[in-house]
Amino acid sequence: MTSMDKYVSDRYEDSMEAFSRQKKYLSLGPWEIAYVEAGQGEPLILLHGCPFQSYEWHKVIPYFAEHYRVIAPDLLGLGDTRVTLKQDYRLPMQVEMVNRLMDALHIQDAYFIGHDHGAATLQVMMKHTPHRIRKCVLTNAEAYDQWPSAEERPYVQSIVRPWTTWAVYLALKSRRVQRDIFSIAVADPATLDEETLYAFTRPHMATWRRWQRLRHFFRWQLDIEHNLETMRALDGMKRFTAPTLILWGERDGNFGRQVAERLARDIPGAEGVHYLSRSAHLPMLEQPEEYADAVFQFLRRNP
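Numbering (my numbering), first residue to last: 2 to 304.
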């Protein structure tokens, strides 16, 4: 087996101590999916964004787990899910992973929350496997042809380009640089405490192979054909009648109000947009209590 064939997301013992200890690993064909599971009741699946991991949900999982069986996987190419550099991390394959995970956990259908790339995954599910979604929440979503956003594109390009990637890798060892980069995702920089910065950067930087995995993921992000997946999902979204909440950090400079309001118009089941006024791209971290409360109110309506 060559190095390119090896899993490029080796587990490491020093990653976010408590949260990492709760992660389970499930072999599903070519992948070993890392996920957190908590609580009992009806299943609620949380799909995180890019370049984050399931840790982005750590402040709201305790609220949700009081009432639901919460399952938060690391998407393909991100977090601690194990993949190879030769594998496909595009949105249709993320949907395939979610469906296989549900099958393995004996879940026929579920409530869903999707953020950013996880929300794009849900949009593709709306077209191809809508029967598996009881209700869903879309938060600060990659959508239409508007991703990667103008703000994040230069960072993505600098990681992918072979003549700049090593310099970026070295620079990202600095907490100051990490804070500067991730500050585009938050309204309040205090949200980016040491643990959060560690959680968001360590999965990509623990080894050079993990960095190559991120580059591979971002190549797909920059691929025009891949970007069209959310446009191709639009006809399915326009037929999707299951209750849908657009829950949005209002101060998001990456995906603004125009994206949220277009989604609310295009999805027949959408109940309008609920804005969280003190949040940017990561409202589940910036306003966790308000975020969880909005989700609870939505899920409890017309159960």
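Ideal Cβ placement from N, Cα and C applies to all residues, glycine included. Since this is a predicted model, take the numbers as computed values, not measurements.
Mapping DSSP to helix, strand and coil, what is residue i?
| i | result |
| --- | --- |
| leucine 198 | helix |
| glycine 270 | coil |
| tryptophan 148 | coil |
| glycine 237 | helix |
| valine 9 | Unreliable placement is indicated for valine 9, whose pLDDT of 43 sits below 50; the coordinate value is still reported in the next sentence. Three-state result, valine 9: coil. |
| leucine 229 | coil |
| alanine 261 | helix |
| histidine 205 | helix |
| alanine 293 | helix |
| leucine 283 | coil |
| arginine 135 | strand |
Using alpha carbons as the reference points, say which of the options lies closest to residue i.
| i | options | result |
| --- | --- | --- |
| aspartate 189 | Ile134, Ala281 and Trp212 | Ala281 |
| tyrosine 145 | Val138, Ser175 and Ile225 | Ile225 |
| tryptophan 212 | Ser184, Asn255, His227 and Ser159 | Ser159 |
| arginine 289 | Glu272, Gly50, Ile62 and Arg263 | One detail in the question is off: residue 289 reads as proline in this sequence, not arginine. Of Glu272, Gly50, Ile62 and Arg263, the residue nearest in Cα terms is Ile62. |
| threonine 245 | Val296, Arg258 and Arg220 | Val296 |
| serine 28 | Glu57, Gly257, Glu18 and Leu102 | Leu102 |
| valine 187 | Ser21, Pro149 and Gly254 | Gly254 |
| threonine 82 | Tyr56, Tyr69, Phe65 and His68 | Tyr56 |
| aspartate 267 | Lys239, Arg203, Val71 and His275 | Lys239 |
| alanine 142 | Trp209, Tyr170 and Leu283 | Leu283 |
| arginine 233 | Pro52, Leu123 and Gly78 | Leu123 |
| aspartate 117 | Gln41, Ser278 and Val260 | Val260 |
| isoleucine 134 | Gln222, Gly270, Tyr26 and Arg214 | Gly270 |
| threonine 231 | Ile108, Gln147, Trp167 and Leu277 | Gln147 |
| aspartate 181 | Pro204, Tyr156 and Glu18 | Tyr156 |
| valine 169 | Phe65, Ala151 and Trp209 | Trp209 |
| glutamate 291 | Pro52, Phe65, Trp167 and Ala73 | Phe65 |
Counting only the same chain and skipping the five closest in sequence on each side, list residues whose C-beta sits under 7 angstroms from that of residue i.
| i | result |
| --- | --- |
| serine 300 | According to the sequence provided, residue 300 is leucine. The question's serine does not apply to it. Cβ neighbours of leucine 300 beyond the five flanking positions: Tyr112 and Lys136. |
| leucine 119 | The sequence as given places glycine at residue 119; leucine does not occur at that position. Cβ within range, chain order: Leu48, His49, Gly50 and Leu76. |
| aspartate 15 | For aspartate 15, the pLDDT reaches just 34, beneath the cut-off of 50, and the residue's location in the model is therefore unreliable, leaving the point undetermined. |
| arginine 176 | Leu198 |
From residue i to residue j, what does the alpha carbon distance come to, in whole angstroms?
| i | j | result |
| --- | --- | --- |
| glutamine 179 | leucine 198 | 7 angstroms |
| glutamine 298 | threonine 242 | 19 angstroms |
| leucine 248 | threonine 130 | 22 angstroms |
| proline 44 | valine 37 | 13 angstroms |
| alanine 39 | glutamate 97 | 23 angstroms |
| lysine 7 | glutamate 33 | With a pLDDT of only 41 at lysine 7, under 50, the local geometry of the prediction cannot be trusted, and no value is derived from it. |
| valine 161 | glycine 30 | 28 angstroms |
| tyrosine 90 | tryptophan 58 | 21 angstroms |
| phenylalanine 183 | leucine 193 | 8 angstroms |
| glutamate 262 | glutamate 153 | 21 angstroms |
| methionine 206 | glycine 115 | 25 angstroms |
| proline 149 | phenylalanine 219 | 9 angstroms |
| glutamate 196 | glutamine 23 | 16 angstroms |
| arginine 315 | leucine 229 | The chain is shown from 2 up to 304; residue 315 falls before or after that span and cannot be answered. |
| glutamine 88 | glutamate 251 | 35 angstroms |
| glycine 307 | histidine 107 | Since the first residue of the chain shown is 2 and the last is 304, residue 307 is not available in this structure. |
| glycine 237 | methionine 127 | 6 angstroms |
| alanine 293 | phenylalanine 201 | 21 angstroms |
| lysine 25 | alanine 35 | 6 angstroms |
| threonine 140 | methionine 285 | 9 angstroms |
Got a sec? Which residues, its chain only, sit under 6 angstroms from residue i by beta carbon, not counting five neighbours each side?
| i | result |
| --- | --- |
| glutamine 273 | Before going further, note that residue 273 is glycine rather than glutamine in the sequence given. Result list for glycine 273: Ala265, in chain order. |
| threonine 165 | Ser159 |
| histidine 217 | Leu86 |
| arginine 302 | none |
| glutamine 54 | Asp75, Leu79, Gly80 and Pro204 |
| isoleucine 46 | Ile72, Ala111 and Phe113 |
For chain B, find out if any of its Cβ atoms is closer than 9 angstroms to the Cβ of residue i; answer yes or no.
| i | result |
| --- | --- |
| isoleucine 160 | The structure shown contains no chain B; it is built from a single protein chain. |
Might you give, ordered along the chain, the residues of its own chain that have their beta carbon closer than 8 angstroms to the beta carbon of residue i, omitting 5 neighbours on each side?
| i | result |
| --- | --- |
| methionine 94 | Leu77 and Gln88 |
| histidine 132 | Asp110 |
Give the list of continuous alpha helix (DSSP H) stretches no shorter than 4 residues that lie fully inside the region 156-202. 166-172 and 176-183
Could you give the uninterrupted runs of the alpha helix (DSSP H) lying entirely in the region 53-133, keeping only those of 4 residues or more? 62-66, 92-105 and 118-129
What ranges does the beta strand (DSSP E) occupy inside the region 15-56, keeping only unbroken runs of at least 3 residues that lie completely in it? Fully enclosed beta strand (DSSP E) runs of 3 or longer: 25-29, 32-39 and 44-48.
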